[in-house]
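Trainee: In this note's numbering, the protein residues as written are 2 to 251.
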Amino acid sequence: MTTIDIMSLYPKDMNIYGDSGNVLTVTRRLALYGYEPRVTAYNQGDEWPDHVDMILGGGGQDTGQKKIIDDLFLRADTLRDLAADGVPMLMICGLYQLFGEYFETVDGTRLDGIGVIGAYTVGQDVRMIGNLVEHSDDFGDVIGYENHSGQTFLRDGVRPFGRVDADGCGNNGEDHTEGARVNNVIGTYMHGSLLPKNPAVADFLIRTAVERRYGAFEPERHQNADQREALARINATAEQARRVAASRPR
Ligand code: GLN
């Protein structure tokens with residue numbers, strides 16, 4: 002068996018600036034590695050599936066965040082347990098904020114988060130917008146696009162996903178951190194979509210999910226020559242996209 006169960010978390014309300022492309026990317030890459038991706042969309046009120054190997058969540062307007070918050074709390078224990086258990090997760094922007102401790106929106110509404118990530122977020126009037134390159138120890142340069150009003154501050158000891166140069170805002174426009182990494186959970190402000198241009202991050206999520214479920218990630222045992230070639234072509238295109246995106250001004 003080579004099935005991998007991917008959950009797309011709240012795609013109806015939390016999916017902007019192409020974040021659903023992250024789901025397409027892991028699905029396509031898993032298939033080209035010779036595995037069978039199975040995607041479940043989880044929206045408010047849906048049943049929680051029996052098995053989850055990876056969870057991908059997108060960004061959203063403050064209004065979208067308010068819509069899903071009650072349901073998120075119904076699933077908070079499950080999500081915290083899965084995160085503690087090492088399930089790989091990628092939470093972009095609006096869901097990154099709600100995986101933290103709280104998000105106080107610019108209109109003063111306080112949304113409690115589920116506390117997977119030791120961070121809190123406070124909305125401000127000036128939005129932080131622009132193309133962004135961040136430097137990460139684990140994944141090299143990560144390339145994307147940020148657009149948020151929330152300033153996020155990491156608690157002491159919480160590892161950022163990466164660091165931004167002076168021209169980028171990242172978590173808060175002040176301390177040069179971007180995102181957070183807790184266990185195998187990545188929270189980040191990077192839209193884009195993120196994963197098509199950052200195969201190293203996609204492959205981390207894939208490898209972690211496969212190793213947790215099957216003990217080892219062995220594409221060479223599952224992949225045929227056509228799949229290998231297709232993946233090489235995709236990687237070459239991603240490399241080109243990275244070069245172009247990285248050269249774009251903010
Ligand atoms: N609504 C949040 C903010 O503006 C998140 C935005 C987003 O997901 N792009 O900070």
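Backbone N, C-alpha and C define an ideal beta-carbon position, used for all residues, glycine too.
Does the Cβ of Ser248 have 16 or more other Cβ atoms within 10 Å, making it buried, or fewer, making it exposed?
Mentor: Exposed.
Trainee: Hey, could you find the ends of the alpha helix (DSSP H) Asp78 is sitting in?
Mentor: Counting along the chain, the alpha helix (DSSP H) containing Asp78 begins and ends at Ala77 to Ala85.
Trainee: Out of Glu230, Thr106, Asn172 and Glu135, state which residue places its alpha-carbon closest to the alpha-carbon of Arg243.
Mentor: It is Glu135 whose Cα lies nearest to the Cα of Arg243.
Trainee: Over the uninterrupted alpha helix (DSSP H) stretch that includes Gly23, give me the two end residues.
Mentor: It is worth fixing the name first, because residue 23 is Asn in this sequence and not Gly. Segment Gly22 to Leu33, the alpha helix (DSSP H) holding Asn23.
Trainee: Cβ of Gln228 within 7 Å of any heavy atom in ligand 1?
Mentor: No, ligand 1 has no heavy atom inside 7 Å of this Cβ.
Trainee: Return yes when at least one heavy atom of ligand 1 lies under 7 Å from the C-beta of Ile69, else no.
Mentor: False, no ligand heavy atom lies under 7 Å from that Cβ.
Trainee: Is Asn16 near ligand 1, judged by its Cβ being under 7 Å from some heavy atom?
Mentor: No - ligand 1 has no heavy atom lying nearer than 7 Å to the Cβ of Asn16.
Trainee: Kindly indicate which residue of Leu73, Glu105, Asp86 and Leu196 has the alpha-carbon position closest to the one of Thr238.
Mentor: Of Leu73, Glu105, Asp86 and Leu196, the residue nearest in Cα terms is Leu196.
Trainee: If you compare alpha carbons, which of Tyr43, Met90, Val53 and Pro50 is closest to Val202?
Mentor: The candidate whose alpha carbon is nearest that of Val202 is Met90.
Trainee: What distance in whole Å lies between the Cβ atoms of Glu147 and Ile130, which are believed to be in contact at a cut-off of 8 Å?
Mentor: With a Cβ gap of about 7 Å, Ile130 and Glu147 count as contacting.
Trainee: Does the Cβ-Cβ distance between Ile207 and Val27 come in under 8 Å?
Mentor: Yes.
Trainee: Near Gly174, what residues of its chain come up, given a Cβ to Cβ distance below 7 Å and the 5 sequence neighbours on each side ignored?
Mentor: Within the same chain, Gly174 has close Cβ partners Met129 and Gln152.
Trainee: Considering only the beta carbon of each residue, do Cys94 and His177 sit closer than 8 Å?
Mentor: In this structure, His177 does not lie closer than 8 Å to Cys94 by Cβ.
Trainee: For Leu112 and Gly59, which I take to be in contact (beta-carbon distance under 8 Å), what is that distance rounded to the nearest angstrom?
Mentor: Not quite, the Cβ-Cβ distance comes to about 16 Å (not below 8 Å), so this is no contact.
Trainee: Alpha carbon to alpha carbon, what distance is there between Asp54 and Thr4?
Mentor: Taking the straight line joining both Cα atoms gives about 9 Å.
Trainee: I'd like the span of the beta strand (DSSP E) that includes Gly95, first residue to last.
Mentor: Counting along the chain, Gly95 falls outside any beta strand (DSSP E), though it belongs to the alpha helix (DSSP H) covering Cys94 to Phe100.
Trainee: Can we count Cys94 as close to ligand 1, meaning its CB is less than 7 Å from some heavy atom?
Mentor: Checking the Cβ of Cys94 against ligand 1 gives yes.
Trainee: Just how far apart, CA to CA, sit Gly141 and Phe162?
Mentor: Cα to Cα, the separation comes out at about 11 Å.
Trainee: Hey, is the region 226-234 in contact with the region 29-37, meaning 3+ C-beta pairs nearer than 8 Å?
Mentor: Verdict: yes, contact present.
Trainee: Between the C-alpha atoms of Gln125 and Val107, what's the straight-line distance to the nearest angstrom?
Mentor: Gln125 and Val107: Cα-Cα distance of roughly 5 Å.
Trainee: Is Gly163 near ligand 1, with its Cβ less than 7 Å from a heavy atom?
Mentor: Answer for Gly163: no, Cβ out of range of ligand 1.
Trainee: Just to confirm before moving on: does the CB-CB distance between Ile7 and Pro38 stay below 8 Å?
Mentor: For Ile7 and Pro38, yes; Cβs fall inside 8 Å.
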